[in-house]
Every structure is written in structure tokens, then in C-alpha cells.
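Written out below as C-alpha cells is the structure these notes cover.
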Amino acid sequence: MKVYSKRRRSRRLIIGCTSSEHSFAAELIANNSDLLTEILIRVPAKSLIRFKSVSKQWLSLISDSQFASDHARRNHHSSVSALYFYSNRWSLDEQPQSVSIAGHQTLLPTLSFLDGVVVSSCTTTIERSCNGLILCSNGFRKPPYIVCNLTTRKFSLLPDIGPTSSESYRKNAAAFLAFDPSKSPHYKVILFSSSYVNNGRWVEIEIYSSQTSSWKHISVPDPRGVPFMFSVFWNGAIHCITYANVHVRFEVEEEKFIQTPMPRNPKIISPDKIRYFGGCGGDLLLIQTPQPCAMGFSVLQMHRDYCGWIVKYRVNLRPILSVFPKTERKTIVTCSEFNVLCVVKGVNEKDFTLVLAIRGKVISYNVKSNILKELYDLSTDDPDDWRPSWCNTYQFIESLSPGKMTNSKGTLVIGYNSSEHTPATELIGSNVDILTEILTCVPAKFVIRFKCVSKDWFSLISNSPFSRNHSNRYPSALFSGLFINPVTSFDDEKVKSVSLHGQHQSLPTSSLLDGVGYGSGTFRIEDSCKGLLLCLNGPTCFIVCNPTT
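Okay, structure coming up:
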């Protein structure tokens, strides 16, 4: 709809801003750290990295470890941006392949910033991924471990584990990364291996804490039947698939195994029938097929209290197989036509996307909308060389956490290079796509203030497509306040407002409609819908308005 100024006599489209308004808005943004934090904390991590070079103030704020923690807590359900996987996990020089969930293949980061961190002839290999962090190793017998953030290109080289009661863990350890930025800015690395003492089987556990920067060794009795290969970190624990009716998890903070009896149905079946085991949008999911060659499967979800699995979805992939030509295999390892690499949750409970490796392609398949999209061509002459699965696929989530790591030169990132200011400022100022991405993430009440920053910002924010994109990004925006009509119809009674956040002064008032309509009567609100108000002035004068704008 057209937006008019509040004075009836000068009904005109707002097409400019005064210099006084510009100065006030620019000063407000530049000098108010709380306001700037409120804005930037909503911006995706990848964009924030670019904004470090806008000014020293922005650099200081974005580099602050507390800001990184706050950003992670606010965006703790950030979706998966990309996947990294291996075709031949045991090759000494194998480099991970990467695929963007959105299809932006050239924009994905690599592990090249870790070159030279460890003096070794072996290639740095991804072991685990967890909520924006990547755990890497270099070598086999005594591998040094590295925890890195692909978004910030920062890393921590973990210290040597040192002597323990058993050296076998160095050869047979299963490595895990435990990190939940919504609860703590610190992470832990856990190594599991088995040992035999006095005819008894034990699990040797090495735990590294980023809070203490040290390793800790414990030994616990082995819960039999736990293949650590099929284990994932979720909800503060490392969960293991067992084939008895018992769920086994290792509570990271309590440092102990807990076994929970499970119902017999649904039954957990053998490893060759497991297609996926991992987290998705805060849930722990398990996908298994009744037969290796089956095209249909159930998606199971773990109860929060670990009392059992429930069948969440049922999926049939047979209709989509006809889209891709069948490839002939030289060897028959398995007759499975697909592997599930990842499950990405959508905007609501029933909306989710499967990322599949199927007949030489990596595709995304939205089960609700039946939308199919090819993401990556595996491009190999021998299909048997390419068998990526969830076991050797690692999720990339854009994140700033944790704040305290080192850069690729091994030094703490605390400085600012003024030479970076000009290209970064020019990039933000001239690139409409980047500017749109930033402002689309900002709540509407702040976007309004930014109209006066510059003519470019004003033009973009006033654009109708931008308004639609902003609304689409916040389809379920929370209520900010309530407007209450007066009980009586006396002319001097006006609509009252109450803020749900206790900040009454921040709510707009009906004064924006003064002088609009007939006579001097007060307005009554007839209805509200997704940010718009339907008001009535007099017997027949209806007005639709947006209190925010």
C-alpha cells in the first residue's frame, strides 16, 4: 500500500530524508552499542565476518567472545549450510568434497587455512562436526587433534594427550566433539577405546575441555554391544545405537554411561539397514530400512526423556528414482540405491528435507512439497568409488563460536588492519544483495530507523519487494504489544496500548492518524492482522495502517 505522511493537507509519498534526520540516525547507530548489538546479533555469521572491517567499533564488537556466545544462543537452531564428505575415507591424501544445501558451491570454505599447523606428511582429516565446529586429526598412530571453525577460520591445536594406562586409544580411538553453544561457550573432545583388565572389558576415555585446556583420563566398565562408530552427540550426551532393546548414552558432564530399557517396537535393526542417525532441528532422528534394497523407510524420533522411539514420518523414494538413470556397478557391495547424508528441518514440524546420495548425484528432496533439486554431480567413472553416507558426512553450520581461538597464523585475533576498511566498506555500500541480506535479518522497528542512514538504505527499505522478503523471513513474528479500544465511546478516550516487554514508551500510538478521516472523532480499531490495523473513524471511514511504519 502507499504510505502517506500524517498531515492530511500534504498527502504525499515520502521520497527523501532531511540532513538532520540523517545525522540523528547515523549518530544513533554509531554511538549506541546496545542498538548495534541488537542489530548485528540477528545477522548470519558469514556476513558478520565481512563486517569486522567496517570500523574499529564493529570489529571490537563482533570479535568479542561474549557477542559470539550471545549470537550462538540466539541462533542455536541455525540450519545446515553445507555438507563435507569423503569418497574414500582411508586414503592418505583424500580431500573432503563439499556441497552447499543452497547450491552456492563456490562460496564454501575449505580446510586450507590449517595447512602448516601440524608438520606432517598426512592430510588433515575431518573426524566430527558439531554445531558449527569441526574436529580434525592429522595422522593415524598418534594424531594431533584440531578444533576449528570454518566460518571464522579460527582453530585450536589441542595439546598432546600424554601417557596413560593404555596406549591402544591412539590407534583405535573413536573421537567425538561435544559442543552446545546455547548452554556454554566451551567444547569438549572425547576419545573412546577398549581395554582388557583382569578378564574384564573397560572403556578408556580421554576428555579434553576447552575451559581448562587440558586432558582428563577415566576408565569405566564397558556397556557391551556399543559400536562407537554409530554414535552421535545430541542434547548433552553421546548416543550409541545398540541392537538390544537398550539405549546407551554417555553423559558428557556427568562422565558416565547410562542405559535405558527400550520398548520392543519399533525395533532397532542391524547396521547395514541404518540410513541415518543424527540430530535435526533439536531432535534425534534414526532412519532405517527393513531390507537393504528397500526404497521406503520410517523416520524415528527419540523421546526427550529417552523412553523410546516414535515413528515421525514415512517416506517412499521409489517415485523419484525414475528421474535419475540407473548406473551399473562393477562390484556388488550393497544393493541400496541411495544413502541419506543429512536431514534438514524446515519452517514447521512437518516440513523437512532429505539430502541424498543417489545414482551418482547429491540431491535435496523436500518430503512435504515433493520438490527435488540436484545439488552436486559426483562425476566419477566408477560408481563404486563414491559411497558417501551419514557416517562420513559432516555438517557445516555458520557460527561465530567459540570466541577465543587463534587465526591461521596461530595468534589471537585482536588487531585491526585499516587497509581492510576501504574494500569492506565499499563492498557493503555498493552490493545490494549483501545489504539486503543484512537488513532482512533486522526487526522492522529497527529497519525504520535506518531509512535515514543514506539514500541507498532508504531506497532499499522503502522498496515493496524488500517488504515482502522481510515479511517472508518472519512469517511467525511474535507479538510486541496489544492495543485496547476504550470501553465507552466518549470522544476524548483513545486507544490504549500495553507492551509485552514492559517498555510502554516504545509502542506506537494512534496519533499517526491525527487529521486523517472525518471530523475530530477518535479512532477505534476494528481488527488486526499480521502487522496491519483496520481502523474506523466516524460511521463509514475505514483506514488500514501499519503502526510500525
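Here the sequence shown is numbered in the UniProt record's numbering, starting from 1 and rising by one per residue.
Where is the CB? At the ideal position from N, CA and C, for every residue including glycine.
Values in this document were obtained by computation on a predicted structure and should not be read as measured data.
Contact between residue 175 and residue 127 holds: their C-beta atoms lie close to 5 Å from each other, under 8 Å. In the three-state DSSP reduction, residue 161 falls in the coil class, being neither helix nor strand. Distances from the CA of residue 282 to each of 545, 459, 130 were compared; the closest alpha carbon is that of 130.
Separation of residue 279 and residue 285 (C-alpha to C-alpha, rounded to the nearest whole angstrom) is 6 Å. Classified as exposed, residue 464 has fewer than 16 neighbouring CB atoms from the shown chains inside 10 Å of its CB. Exposed is the label assigned to residue 529, since fewer than 16 other Cβ atoms lie within 10 Å of its Cβ. Between residue 146 and residue 158, the C-beta gap is smaller than 8 Å, which places the two residues in contact.
For residue 532 against residue 544, the beta-carbon gap comes to about 6 Å, under 8 Å, which counts as contact.
For residue 85, DSSP records a beta bridge to 97, 393. Remark: fewer than three beta-carbon pairs, one from each stretch, lie closer than 8 Å, so the segment 239–249 and the segment 199–208 are not flagged as touching.
Distances from the CA of residue 181 to each of 534, 448, 354, 71 were compared; the closest alpha carbon is that of 71.
Fewer than three Cβ pairs drawn from the segment 52–72 and the segment 353–368 lie within less than 8 Å of each other, which leaves the two stretches out of contact. In this structure residue 546 is not in contact with residue 523, their Cβ atoms being roughly 14 Å apart against a cut-off of 8 Å. In the three-state reduction of the DSSP assignment, residue 537 falls in the strand class. Shown here, residue 71 sits in a helix according to DSSP, grouped into three states.
The shortest CA-to-CA distance from residue 356 to any of 370, 375, 350 is the one to 375. Going by C-alpha positions, residue 86 is about 36 Å away from residue 432. Just so you know, the alpha carbons of residue 398 and residue 61 end up roughly 18 Å apart. Under DSSP, residue 481 takes part in a beta bridge, and its partners are 499. Counting along the chain, the unbroken alpha helix (DSSP H) around residue 46 starts and ends at 45–51. Contact between residue 226 and residue 248 holds: CB atoms are separated by about 5 Å, below the 8 Å threshold. In the displayed model, residue 150 falls within coil according to three-state DSSP, outside both helix and strand. When the beta-carbon positions are compared, residue 482 and residue 497 come within less than 8 Å of each other. In this structure, the CA atom of residue 288 is about 32 Å from the CA atom of residue 110. The DSSP assignment places complete beta strand (DSSP E) segments of no fewer than 3 residues inside the segment 252–330 at 256–261, 274–280, 283–288, 296–302, 309–316, in order along the chain. Bounds of any beta strand (DSSP E) do not take in residue 456; it lies within the alpha helix (DSSP H) bounded by 455–462. Nearest neighbour of residue 48 by Cα position, chosen from 435, 507, 534, turns out to be 435.
When only Cα atoms are considered, residue 256 and residue 401 end up about 27 Å apart. DSSP, reduced to helix, strand and coil, places residue 465 within a helical segment of the structure shown.
In chain order, 510, 513, 523, 524, 525, 526, 542, 543, 544, 545 place their CB closer than 8 Å to the CB of residue 535, counting only its own chain and leaving out the 5 sequence neighbours on each side. The alpha-carbon separation between residue 459 and residue 467 amounts to approximately 12 Å. Nearest to residue 391 by C-alpha distance, out of 236, 230, 75, 124, is 230.
Under the three-state reduction of DSSP, residue 42 is assigned to coil, being neither helix nor strand. Between residue 69 and residue 52 a beta carbon distance of about 17 Å is seen, past the 8 Å cut, so the two are scored as non-contacting.
Under DSSP, no beta-bridge partner is assigned to residue 122. In the assembly as shown, residue 196 is an exposed residue. Its beta-carbon has fewer than 16 other beta-carbons within 10 Å.
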